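Okay, here's the thing in structure tokens:
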């Protein structure tokens with residue numbers, strides 16, 4: 010549950026240096042929509058899920074701007090198209106990202122396969138742009154139980170107890186042939202998951218899930234697309250881009266063992282049941298924000314230092330007001346947080362008055 014925004018009192022602190030480290034805007038869907046780059050991604054989706062807690066609401070960005078700080082690159086954000094509603098939410102609108110392997114078929118809201126350059130687990134922002142330009146803010150993964158067991162992992166510390174608990178035993182359990190506990194939980198409880206033994210039943214459930222006011226997936230057209238894909242599995246010179254991609258991925262032993270199922274027909278009962286997952290846009294990273302110099306000092310709109318105000322991490326676009334560009338991201342995005350925090354800490358250490366020195 011989000012903290013109350015009702016003021017119950019007031020207080021005041023004064024300091025020679027104030028550091029803003031409040032994060033981005035991903036928990037504030039109204040602000041996300043306001044800054045949505047419609048020229049690149051099409052209209053902002055009506056429905057999104059939040060990949061960060063409600064307190065990451067961008068409030069301190071506005072407060073800093075009111076104090077004189079300049080904002081830059083405010084249209085640069087990084088969201089994911091493979092989000093889904095968490096069946097066991099920790100915060101309002103809590104979304105979980107699927108981090109997929111390459112085998113699921115990816116469809117737009119109307120049931121059309123995404124273009125050949127958009128493979129699950131590939132170029133996130135290109136997929137986000139394509140889906141956004143359809144005018145619908147959601148898409149579908151079509152897969153089966155074998156693919157879900159082998160290729161699906163989820164973002165979020167609570168979804169990965171093997172890593173949070175530093176348990177080698179739990180990590181090794183993911184290498185087995187069975188279904189992971191986290192994936193099974195979404196199969197059982199996830200509101201975006203549809204499961205059926207045959208394609209007719211699957212399509213019916215997909216259309217019921219979105220309702221009659223949304224595009225309806227046509228069973229015959231979806232069957233044709235799946236059969237076209239599956240017809241190339243036995244062809245050593247496959248003409249299907251996704252089958253070729255899967256084969257290439259499996260040449261790397263790590264992906265073959267852990268992340269990539271052997272090519273097979275999606276509707277083969279041995280690999281069933283069939284699964285469809287409705288995917289929503291998941292908000293995540295804010296790549297622009299408060300402009301600073303290399304020491305993390307906030308700048309005004311004329312490039313002058315704003316005395317006493319500093320910004321670090323995501324609120325400053327991970328450094329300076331945007332260190333990544335609009336279509337590139339440093340691997341973990343923690344590097345910019347750590348480095349900008351270090352630079353501000355050093356600046357404060359050497360420039361602020363020492364305690365007892367008349368300050």
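Numbering (the numbering used here), first residue to last: 10 to 368. Even for Gly, the Cβ is constructed at its ideal location relative to N, Cα and C. These numbers come from a predicted model, not from an experiment.
- Collapsing the DSSP output to three states places residue 153 in a strand.
- Under the three-state reduction of DSSP, residue 237 is assigned to helix.
- Less than 7 Å divides the Cβ of residue 147 from the Cβ of residue 288.
- Sequence-distant Cβ neighbours of residue 127 in its own chain, meaning closer than 8 Å and more than five residues away, are 115, 135, 136 and 139.
- Boundaries of the alpha helix (DSSP H) harbouring residue 349: 343 to 360, taken from the DSSP string.
- Following the DSSP letters along the chain, one finds residue 134 inside the alpha helix (DSSP H) bounded by residues 133 to 142.
- Excluding five sequence positions before and after residue 297, the CB atoms of its chain that fall closer than 8 Å to its own CB belong to 80, 81, 82, 83, 84, 85, 86, 326, 330 and 331, given in chain order.
- Residue 42 has its alpha-carbon roughly 22 Å from the corresponding atom of residue 219.
- Pairing residue 291 with residue 106 gives a Cβ-Cβ distance under 7 Å.
- For the pair residue 353 and residue 165, the Cα-to-Cα distance works out to about 29 Å.
- Looking only at 150, 58, 29 and 252, the smallest Cα-Cα distance to residue 67 is reached by 29.
- Collapsing the DSSP output to three states places residue 34 in coil.
- In this structure, residue 59 keeps its C-beta atom at 7 Å or more from the C-beta atom of residue 32.
- Residue nearest to residue 231 within the set 334, 199 and 211 is 211 (criterion: CA-CA distance).
- Between residue 346 and the set 333, 335, 340 and 322, the nearest pair of CA atoms involves 322.
- Straight across, the Cα-Cα distance linking residue 18 with residue 12 is about 15 Å.
- Considering only 100, 97 and 108, the residue with the shortest C-alpha distance to residue 91 is 108.
- For residue 59, the uninterrupted beta strand (DSSP E) run begins and ends at 57 to 59, by DSSP.
- Take residue 234, set aside five residues on each side of it, and the residues of its chain with a beta-carbon closer than 6 Å to its own are 122, in chain order.
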